[in-house]
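A.B. asks: Sharing a structure here in C-alpha cells format.
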C-alpha cells in the first residue's frame, strides 16, 4: 500500500502517472487517520509544505514515527533546504526528492525510491520471528530481533526507547546494560545502541551510521572501536 500527502492537485496527478494504486490525501489529519488504522507496513510519500505550512510534512512524519518506525517515508518537495531537518526530527526518511528537477530525473528518482522501499518491506516480511527476552525493570519482555533496529535513552528518566517494526516501546533499562545483553547489540553513543543487522553504512569521516530503514544516528569517538570490533563491512571513509 502506498499513501501520498500532497495538497497540489497538479502534483498529485504528476506522481500518480508513475505510481499505480496510490491513496492520495490533501490533509495531514486525514492521512494520519488512514495510515494509523492500517497496521501493515506501507510506503508513505510526504510533501513538506501543506496549505502554506512549511513544516506540516515533517510534523506528520513525526506523528507517524511514534507508532510506526518500519514503513518507509519518502519526502517529495520543493523545499530541499529543509533536508537536514529529517535528521533533526528523527523521521528516518528513505529519500528526499526535489519536485523542481527535470521530469526524467524526477521520474527516475521517484521510481527508484519506491523500488527500494518495496525491497525494505519485503525483507521484513520474509524473516521468521527471532524472539529474545529483554529486561524491563524486574520483568522480561519479548522482542523480535528481526524487527528491532535500535535503542535510545529517554533523557531525565530511567527508561529507554526500543524502536521496532510495531512502533516505539519504553522499557526500564539502560543503554549500557542493553549493549552487553546480546551479541547483536552495539553501543555507538552514550544515548544509542543499535542492532548490527540493521547497519547499512557507517560514514566514518562524518561519525554517522545509517540503518537499513534510513535512520541516521551519531557515533562518538568513545564507541567507534565497537564498530571495528564487530568488523562492520560497510565502513566508508
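Residue numbers (the working numbering): 1 to 237.
Where is the CB? At the ideal position from N, CA and C, for every residue including glycine.
What do you get for residue 58, buried or exposed, if any count of 16 or more other CB atoms within 10 angstroms of its CB means buried?
C.D. replies: Residue 58 is buried by the Cβ-count criterion.
A.B. asks: DSSP three-state label for residue 165, please.
C.D. replies: Coil.
A.B. asks: Looking at residue 4: is its Cβ nearer than 7 Å to the Cβ of residue 45?
C.D. replies: yes
A.B. asks: Is the beta carbon of residue 154 sitting closer than 7 Å to the one on residue 160?
C.D. replies: yes
A.B. asks: Which whole-angstrom value describes the C-beta separation of residue 198 and residue 164, a residue pair presumed to lie in contact below a C-beta threshold of 8 Å?
C.D. replies: In fact, because the Cβ distance is near 11 Å, the residues do not count as touching under 8 Å.
A.B. asks: What are the boundary residues of the alpha helix (DSSP H) that residue 12 is part of?
C.D. replies: 9-16
A.B. asks: Give the single residue among 61, 227 and 195 whose Cα lies nearest to the Cα of residue 31.
C.D. replies: 61
A.B. asks: Might you give, ordered along the chain, the residues of its own chain that have their beta carbon closer than 6 Å to the beta carbon of residue 56, omitting 5 neighbours on each side?
C.D. replies: 28 and 50
A.B. asks: Does the Cβ-Cβ distance between residue 182 and residue 172 come in under 7 Å?
C.D. replies: With respect to residue 172, residue 182 sits apart: the two C-beta atoms are not nearer than 7 Å.
A.B. asks: Indicate the three-state DSSP secondary structure (helix, strand or coil) for residue 222 in the structure shown.
C.D. replies: helix
A.B. asks: Locate the beta strand (DSSP E) running through residue 133, then write down its first and last residues.
C.D. replies: Start and end: 131-136.
A.B. asks: Using three-state DSSP, classify residue 233 as helix, strand or coil.
C.D. replies: For residue 233, the predicted model reports a pLDDT of 47, less than 50, meaning its position is unreliable and no value from the coordinates is stated.
A.B. asks: What would DSSP say about residue 4, mapped onto helix, strand or coil?
C.D. replies: Assignment of residue 4 by DSSP, reduced to helix, strand and coil, places it in the strand class.
A.B. asks: Nearest-angstrom Cα distance between residue 193 and residue 73?
C.D. replies: 22 Å
A.B. asks: I need the boundaries of the beta strand (DSSP E) containing residue 194, first residue and last residue.
C.D. replies: 192-195
A.B. asks: If I measure Cβ to Cβ from residue 92 and keep anything under 6 Å in the same chain, skipping five residues before and after, which residues do I get?
C.D. replies: For residue 92, where only same-chain residues beyond five positions count, the Cβ hits under 6 Å are 213, 214 and 215.
A.B. asks: Give me the Cα-Cα distance between residue 191 and residue 207, rounded to the nearest whole angstrom.
C.D. replies: 14 Å
A.B. asks: So what's residue 103 in DSSP terms, helix, strand or just coil?
C.D. replies: helix
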